[in-house]
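Protein chains: 2
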Amino acid sequence: MSATSINPPYLLFVGDARDALAAKTAAGILYWRRDWCLGQVVWPGCGAQLDLPAMTVAEAARAGARTLIVGVANAGGVIPAPWVATLSEALHAGMDVASGLHDRLDAIPALRDAAAATGKRLIDVRHPTRTFAVGTGEPRPGRRLLTVGTDCSVGKMYASLALVEEMQRRGVDAAFCATGQTGIFIAGDGVSVDAVVADFISGATEWLSPANDPDHWDVIEGQGSLFHPSFAGVSLGLLHGAQPDVLVMCHEPTRTHMRGLPTRALPSLTECIAANVEAARLTNPAVRCIGLAVNTRALAVGDAERYLDDTAAALGLPCVDPVRTGVAPLVDCIGL
Amino acid sequence: MSATSINPPYLLFVGDARDALAAKTAAGILYWRRDWCLGQVVWPGCGAQLDLPAMTVAEAARAGARTLIVGVANAGGVIPAPWVATLSEALHAGMDVASGLHDRLDAIPALRDAAAATGKRLIDVRHPTRTFAVGTGEPRPGRRLLTVGTDCSVGKMYASLALVEEMQRRGVDAAFCATGQTGIFIAGDGVSVDAVVADFISGATEWLSPANDPDHWDVIEGQGSLFHPSFAGVSLGLLHGAQPDVLVMCHEPTRTHMRGLPTRALPSLTECIAANVEAARLTNPAVRCIGLAVNTRALAVGDAERYLDDTAAALGLPCVDPVRTGVAPLVDCIGL
């Protein structure tokens, strides 16, 4: 089952990344899949530091790397000319090349030619390579958890991966279903749901998390927010297609406005939980929100603890930071 | 301003349509744009009757037809081989050829070659030919009415067009914004919002109905339903991008289940109105639902009148059938 299957081990291309934020795809892959990462290609003057050996493409190929991952983003999502020679070298060294940028690798003639000459793949994970049926909303066996959020980029992917790890640690048959670029690199497959044709958002999600054993859990990575006016359609289609039994609300407490929209305030946690549960009931009337995953990275330790305690008390729900505290209190409430 | 600009007058291709339902695109165009329709191409054994002269392609070309419109649909949205010769003939006779089917005209080599040879266009209105920015939700001048629905195919396009006609009759500067295939043929342009990439649903809608004069009204054709699990993501993105001041709820009172989903009941009118108003508030806090447009075609006259009266009384909102009663009571409530 795969729309976009990517083979580890990986060579992470960081190149001339300006800062850590620009290399956040590479950092996310390394954080969650250190075993899959052989090394990084990093150029002089690069502003990002990954805790990973620097390698040339040739060295990585000799070490067994099967896929070079473009782990750096830039404004506009374009692929600058200086990168192309390195990506082409990777193809000639026997690797596939994968990217989550908006620009397509296979739109660059030099890369297309190199892929054709070497028989290696250019994998544009942002662009689905298959079509999907429309969603049906029909109940299907298996159990599902979906991470939702007050905004974009509040930690839904990290929360999802932490939940899967904790569930697996407890012996639960749990799997991560990736719906965004970095998540797909971490899972090795998935569907970039914000890039499918609008009619098929829920259908693609149903496909991504099909009928399964009654005690199997799919943990589905959420996208966007029902309260983000740019992307709420994606979030709703994903919510309906995921048919979640359980929601986890994700939040970043220092954000002053919705991402990319300086004049728009975030919703309250209470209204955001209520709206998500209400909408999710359309395809799973038994859905419930079991707690919150908060990215407290921007807070000092004491402030973070206080925020988590206060929020848990105010909402009557467990409230964790997946990185700082782990997600055990959430998994306790899933009803495994 | 156009994503897909189609030039009348039209020659409607009905071909071998099995029944009236199969020719509903042609029937809709004829109902709303009789002046643009020169004739129909209809084959022996066709099960659909349009009140329009039958013509050959050559006759239509001599009469001045500029675009042949594929006005027939079939299961699967494919373009059968027997149609291709006629469509090719139209190109060679100097017409553009336009289709709203899922299969692309320009994927058929014979048509692609004919278009290249003649310099005429193959217009696949279901497939947007341009990209859009993501939506912002920022307020923009001009006023907007959006038709929403309890389900798909309940008359949102007919209601929208009737509202525009009635508003124009009263001297209002009003325009129809088409978001689906038939609507695009009727408007001559528009965007098939269910076919844009999911990230851009609201952005495409903002583009379709841009900033305008403060007393200009855009009447935007809705799609799907917030309660249809296949397509609710499209409906929500459209709702946010449309930023409507006014909603009109559309409904078909004899429908026993959501379209295409035999086990799923329709929402109540009350909950459907409440959910749409609540969601629309994200980008226009002043939004209100002014009434209902009901497609009573399947009811006898007396039953239809009773249904409209009873529903109006129950909801405290005007309730009309755009075809049978006209939409004047709705336009009275818009607050022009």
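In order, the protein sequence lines correspond to chains C and G. Residue numbers for the first sequence follow the working numbering, beginning at 1 and rising by one. Residue numbers for the second sequence follow the working numbering, beginning at 337 and rising by one. Even glycine gets a Cβ: it sits at the ideal position worked out from N, Cα and C.
Practice task
Could you list which residues in chain G have their beta carbon closer than 9 Å to that of THR118(C), in chain order?
Solution key: Against chain G, the beta carbon of THR118(C) has no neighbour under 9 Å; the closest one sits roughly 29 Å away.
Handout entry: Same chain only: Cβ atoms within 7 Å of CYS333(C), ignoring 5 sequence neighbours per side
Key = Within the same chain, CYS333(C) has close Cβ partners ILE290, GLY291 and PRO318.
Problem - chain G contact residues for SER202(C), given Cβ-Cβ distances below 7 Å - result: Neighbours of SER202(C) on chain G, chain order: PRO565, SER566 and GLY569.
Practice task
Check whether the Cβ of PRO9(C) sits closer than 7 Å to any heavy atom of the ligand MG, and report yes or no.
Solution key: Looking at this structure, you won't find the ligand MG or any other ligand, since it has none at all.
Practice task
Would you list, in chain order, the members of the segment 573-601 of chain G that have their beta-carbon closer than 9 Å to a beta-carbon of chain C?
Solution key: Flagged, chain order: GLY573, LEU574, LEU575, HIS576, GLY577, GLN579, MET594, GLY596, LEU597, THR599 and ARG600.
Exercise for the section: Kindly identify the DSSP beta-bridge partner or partners of ASP218(C). Expected result: Partner(s): ARG144(C) and ALA175(C).
Handout entry: Beta-bridge partners of ASP96(C), as assigned by DSSP
Key = Note: ASP96(C) sits in a beta bridge opposite THR67(C).
Exercise for the section: Locate the alpha helix (DSSP H) running through ILE520(G), then write down its first and last residues. Expected result: Boundaries of the alpha helix (DSSP H) harbouring ILE520(G): 517-523, taken from the DSSP string.
Handout entry: DSSP three-state assignment for VAL377(G), whether helix, strand or coil
Key = Of the three classes helix, strand and coil, the one that applies to VAL377(G) here is strand, per DSSP.
Problem - Contact set for HIS127(C): own chain, Cβ-Cβ below 8 Å, skip 5 residues either direction - result: These residues qualify, in order along the chain: ARG104, SER192 and ALA195.
Problem - Residues near ILE69(C) in its chain [Cβ-Cβ closer than 6 Å; skip 5 each side] - result: Closer than 6 Å at Cβ, skipping near neighbours: TYR10, LEU12, ALA98 and PHE185.
Handout entry: Residue range of the beta strand (DSSP E) that includes GLY351(G)
Key = Counting along the chain, the beta strand (DSSP E) containing GLY351(G) begins and ends at 346-351.
Exercise for the section: Mind listing the chain C neighbours of THR619(G)? Cutoff is C-beta to C-beta under 9 Å, in chain order. Expected result: For the C-beta of THR619(G), the chain C residues within less than 9 Å are, from N- to C-terminus, PRO229.
Handout entry: Residues sharing a beta bridge with ALA390(G), DSSP
Key = Answer is GLN376(G), bridged to ALA390(G).
Exercise for the section: Tell me whether GLY15(C) is buried or exposed, calling it buried when 16 or more other Cβ atoms sit within 10 Å of its Cβ. Expected result: So GLY15(C) counts as buried.
Practice task
Could you tell me the boundaries of the beta strand (DSSP E) in which HIS251(C) lies?
Solution key: HIS251(C) -> beta strand (DSSP E) spans 246-251.
Handout entry: Host alpha helix (DSSP H) of VAL637(G) (start-end)
Key = Here the alpha helix (DSSP H) through VAL637(G) covers 637-651.
Exercise for the section: Show which residues of chain B have a CB atom less than 9 Å away from the CB atom of THR465(G). Expected result: As a matter of chain content, chain B is missing from the structure shown, whose protein chains are C and G.
Exercise for the section: Would you mind sorting GLU542(G) into buried or exposed? The rule is 16 or more other CB atoms within 10 Å of its CB. Expected result: Around the CB of GLU542(G), 16 or more other CB atoms lie within 10 Å, so the residue is classed as buried.
Exercise for the section: Output, in sequence order along the chain, the residues in the segment 189-200 of chain C whose CB is closer than 7 Å to any CB in chain G. Expected result: Considering only beta carbons, the part of the segment 189-200 of chain C lying closer than 7 Å to chain G consists of VAL193, ASP194, ALA195, VAL196, VAL197, ALA198 and ASP199, in chain order.
Problem - C-alpha distance - SER209(C) paired with ILE220(C), whole-angstrom precision - result: Their backbone Cα atoms lie some 8 Å apart in a straight line.
Exercise for the section: Output yes or no for whether 8 Å exceeds the beta carbon distance between ALA616(G) and LEU583(G). Expected result: Judged by beta-carbon spacing, LEU583(G) lies within the 8 Å limit of ALA616(G), meaning their Cβ atoms are closer than that value.
Exercise for the section: Select from GLY222(C), ARG255(C) and GLY71(C) the residue whose C-alpha is nearest the C-alpha of SER268(C). Expected result: For the residues GLY222(C), ARG255(C) and GLY71(C), the minimum Cα distance to SER268(C) belongs to ARG255(C).
Exercise for the section: Report all residues from its chain with a CB closer than 7 Å to the CB of ALA353(G); omit the five preceding and five following residues, and keep chain order. Expected result: Correct list, in chain order: ALA359, CYS382, GLY383, ALA384 and VAL408.
Problem - First through last residue of the beta strand (DSSP E) which encompasses ARG288(C) - result: Membership of ARG288(C) in the beta strand (DSSP E) is indicated by the continuous run 288-294.
Exercise for the section: Verify the CB distance criterion: does ALA134(C) have a CB-CB separation below 8 Å to chain G? Expected result: Per the sequence shown, the amino acid found at residue 134(C) is Val instead of Ala. True, the Cβ-Cβ gap to chain G drops below 8 Å.
Handout entry: Residue-level contact to chain C via CB, ARG448(G), 8 Å cutoff
Key = Interface residue (Cβ-Cβ distance to chain C less than 8 Å): ARG448(G) is not classified as such.
Problem - Beta-carbon proximity check, LEU666(G) vs ASP581(G), cutoff 8 Å - result: No, the pair does not count as a contact, with Cβ atoms beyond the cut-off.
Exercise for the section: Would you mind working out which of THR129(C), LEU163(C) and PRO214(C) sits nearest GLY190(C), comparing C-alpha positions? Expected result: Comparing alpha carbon positions, the residue from THR129(C), LEU163(C) and PRO214(C) closest to GLY190(C) is THR129(C).
Handout entry: Within the segment 73-141 of chain C, ranges of the alpha helix (DSSP H) (whole runs, at least 4 residues)
Key = Complete alpha helix (DSSP H) runs here, min 4: 81-92 and 109-118.
Practice task
Using three-state DSSP, classify GLY526(G) as helix, strand or coil.
Solution key: Three-state DSSP puts GLY526(G) in coil, outside helix and strand.
Exercise for the section: Please say whether GLY558(G) and THR606(G) have beta carbons closer to each other than 8 Å? Expected result: No, these two residues do not count as a Cβ contact at 8 Å.
Practice task
Identify the contact partners of GLY519(G) in chain C, using a Cβ-Cβ distance below 7 Å as the criterion.
Solution key: Contact annotation for GLY519(G) against chain C: no contact, minimum CB-CB distance about 16 Å [criterion: below 7 Å].
Practice task
Could you check if MET337(G) is buried or exposed, using at least 16 other CB atoms within 10 Å of its CB as the buried criterion?
Solution key: Low local confidence applies: a pLDDT of 36 at MET337(G) is under 50, so the model's placement there is unreliable, with the coordinate-based value given in what follows. Counting the other Cβ atoms within 10 Å of the Cβ of MET337(G) gives fewer than 16, which makes it exposed.
Exercise for the section: Please work out which residues of its chain come closer than 6 Å, Cβ to Cβ, to MET391(G), disregarding the five sequence neighbours upstream and downstream, and give them in chain order. Expected result: If we look at MET391(G) and ignore the five residues flanking it on each side, its Cβ neighbours are GLY375.
Practice task
Note down, in chain order, every chain C residue with its Cβ under 8 Å from the Cβ of GLY485(G).
Solution key: GLY485(G) does not reach chain C, its nearest Cβ partner there being about 15 Å away, counting only Cβ pairs nearer than 8 Å.
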